[in-house]
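Using the numbering used here, the first residue of the first sequence is number 872, and each one after it goes up by one.
Where a beta carbon is used, it is the ideal one built from N, C-alpha and C, also for glycine.
These numbers were taken from a predicted model, which means no experiment stands behind them.
In what follows, a single structure is set out as structure tokens and then discussed.
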Amino acid sequence: MIDVSFVRANPEILDVALKNRNKPPLEKELLALEESYRSLQTKLQKIQEERNANSAEFGKAKSKGLETSGLQKIMEALKIEMSEVSNALNEAKDRFFNLLHTIPNIPSNECPIGPNETANLEIRKFGEPRKFNFKPLEHYEISENLEMMNFDKAARIAGSRFVFLFGDLARLERSLAQFMLDIHTIENGYQEVYVPLILEKQAMFGVGQFPKFEEDLFKTTIGSYLIPTAEASLTNIHNGEILSEKILPLRYTAYTPCFRSEAGAAGRDTKGMLRQHQFGKVELVSITTPGQAIQEHERMTECAEGILKKLKLPFRTVVLSTGDMGFSSEKTYDLEVWLPGQNAYREISSCSRCNSFQARRMNTRFKNEKTKKNEFVHTLNGSGIAVGRCLIAVLENYQQNDGSVEIPTALIPYFGKEKISPTKP
RNA sequence: GGAGAGAUGGCCGAGAGGCUGAAGGCGGCGGUUUGCUAAACCGUUAUACGAUUGUAAAGUCGUAUCGGGGGUUCGAAUCCCCCUCUCUCCGCCA
């Protein structure tokens, strides 16, 4: 969540930020709610102070065997007043925090301002889209010809937006994940983590999934939620902790399935496995000091880009505009991979800098060595990268005229052979 | 799932209605002694929020916090209820 004292000290900034995110202004309302809850809090504290003083008095009088009925009357009156004020305070607090918790992060001024993805800014491009001497197919056409990807069978038993991968395609998914994890752990210094896939409400709140985006999550019968990304599990590793500055930055990576209800996506990307309720993703998370965050963001983005480069998949990197950014982010780079079958660049990784927005929600701090004060850490997350979409990209970019698919050179040691061919000719 | 025992500061651990934000120890920080290190000794050492002083650094006062929530009481770390988690034993199980 945002820092309210910052909002108070810097008028206008919040409303401008909200406008850039296509949201109505809230600053006035937020500050008024805060004011009303603060004044009630002060009032309650004064009553408590009086109560404590009288109570000490009462104890002394009692031990001396003095008359206490007068004091007792005062205390009883105080008690009633206290419970009234405290009820009012709780209501005011709820109103204030309910609003605060739904306010998105304030975009950095490095971000292009614009209403949606059309305002995103391309900052670099890698690779040239391959020239085909035949009409490139979409990934599901290639896969169905190979008879290794099946949506009908999945729909029959799991519903829409699920998929079966068979044989070499299942192996491709697995080898891509292993390839990515090896690079991030061995070359990029991330620690591999095996994580819970079901998290409690509190943890989802910490990373900003809750309460505003609850409908995007799958809820279990015990009231917990399936993770929509390993970011949720990894970022929460240090939930509630005070870290030593010396150990920062911390870098974590995990390969997990991700579960998304895709509540608002009805009708979008319904063909193929571009948008599924369940997909594999290798995630990168860094926890840093405020001073390290900007450089770490660049580094993390380069780590994600490195995967696409090694696989020789053409892509471009864009800075998301204010209107296209996620709730918790102050700046986001998207990597968009070239899909010849679609003749378009499509998102395959998203690297976000969240400053203290998540840390404040999780209450994750570090002790500043110089000032000896506890400060909120900064958190960053990025896909390193989405495995399901990467599989699509490999299929479409490496498809051959005869229906087979070549395996990128860097992946051959993981995949075990150089080509995927139809099982039955 | 059943039975029992627990949860106290950075860590260990006392406290069993008021004098307890909390003994003692460890660790950390500052200092004295010292050729250096070590040791010894002395001092200091929670967080959040509010009010207030100050240009600021910071100070002063107050409130809350002993796993979480509720209750009893003039007053709760301490008594009662509910929940969560940990440990031990039993059952079940990849």
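Three-state secondary structure assigned by DSSP to residue i
{"i": "VAL878", "result": "helix"}
{"i": "ILE884", "result": "helix"}
{"i": "ARG1236", "result": "strand"}
{"i": "PRO1296", "result": "The pLDDT assigned to PRO1296 is 48, lower than 50, so where the model puts this residue is not dependable, and the model offers no usable value."}
{"i": "THR1133", "result": "With the sequence shown as reference, residue 1133 is identified as Glu, and Thr is not the correct amino acid for it. Three-state result, GLU1133: coil."}
{"i": "ASN1021", "result": "strand"}
{"i": "LYS914", "result": "helix"}
{"i": "ASN1226", "result": "coil"}
{"i": "LEU1088", "result": "coil"}
{"i": "GLU1246", "result": "strand"}
{"i": "PHE1035", "result": "strand"}
{"i": "ILE1256", "result": "strand"}
{"i": "CYS1174", "result": "helix"}
{"i": "ILE1291", "result": "strand"}
{"i": "GLY1162", "result": "helix"}
Identity of the residues DSSP links to residue i by a beta bridge
{"i": "ALA1215", "result": "LEU1210"}
{"i": "SER1157", "result": "ARG1122 and LEU1251"}
{"i": "ILE994", "result": "Partner(s): none; ILE994 has no beta bridge."}
{"i": "PRO1128", "result": "GLY1151"}
{"i": "SER1221", "result": "ASP1205"}
{"i": "THR1188", "result": "ARG995 and LEU1206"}
{"i": "GLN1270", "result": "VAL1276"}
{"i": "LEU1097", "result": "ILE1069"}
{"i": "ALA1026", "result": "DSSP output for ALA1026 lists no bridge partner at all."}
{"i": "GLN1062", "result": "TYR1123"}
Alpha helix (DSSP H) segment containing residue i, residue limits
{"i": "PRO1284", "result": "1283–1286"}
{"i": "PHE968", "result": "940–971"}
{"i": "SER979", "result": "Run containing SER979: none; DSSP gives neither H nor E here."}
{"i": "ARG892", "result": "No alpha helix (DSSP H) holds ARG892; DSSP gives it neither H nor E."}
Bounding residues of the beta strand (DSSP E) (the contiguous stretch that carries residue i)
{"i": "SER1115", "result": "1113–1115"}
Contact belief for residue i with residue j at Cβ below 8 angstroms, rounded distance in angstroms
{"i": "GLU1086", "j": "ALA1134", "result": "5 angstroms"}
{"i": "HIS1300", "j": "CYS1222", "result": "Outside the shown range of the chain (872 to 1296) lies residue 1300, about which nothing can therefore be said."}
{"i": "LEU992", "j": "PRO986", "result": "About 14 angstroms separates the two Cβ atoms, so there is no contact after all."}
{"i": "LEU949", "j": "ARG922", "result": "5 angstroms"}
The ligand PLP heavy atom lying under 6 angstroms from the CB of residue i
{"i": "ARG1122", "result": "In terms of ligand content, the structure shown is empty, and the ligand PLP therefore cannot be addressed."}
Could you check whether the segment 1195–1208 touches the segment 976–986, counting it as contact only if at least three pairs of C-beta atoms, one from each stretch, sit closer than 8 angstroms? With a cut-off of 8 angstroms, the segment 976–986 and the segment 1195–1208 count as touching, because enough Cβ pairs lie within range.
How about the segment 1119–1128 and the segment 1147–1158: do they share at least three Cβ pairs that are nearer than 8 angstroms? yes
Meets three-Cβ-pair contact criterion under 8 angstroms: the segment 1039–1059 and the segment 1074–1094: The way I'd put it, the segment 1039–1059 doesn't touch the segment 1074–1094; fewer than three beta-carbon pairs between them come closer than 8 angstroms.
Check whether the segment 1089–1098 and the segment 1030–1047 are in contact - that is, three or more C-beta pairs closer than 8 angstroms. no
Does the segment 1207–1220 touch the segment 1001–1018, meaning 3 or more C-beta pairs lie closer than 8 angstroms? Yes, since at least three Cβ pairs between the segment 1001–1018 and the segment 1207–1220 fall closer than 8 angstroms, the two stretches touch.
Does the segment 1174–1191 come within contact of the segment 1242–1249, defined as at least 3 CB pairs closer than 8 angstroms? no
Across the segment 1058–1069 and the segment 1109–1119, are there enough close Cβ pairs to call them in contact, namely three or more that are closer than 8 angstroms? no
Counting pairs of beta carbons, one from the segment 1165–1179 and one from the segment 1052–1059, are three or more of them closer than 8 angstroms? yes
Should the segment 1275–1293 be called in touch with the segment 1024–1043, which here means at least 3 C-beta pairs below 8 angstroms? yes
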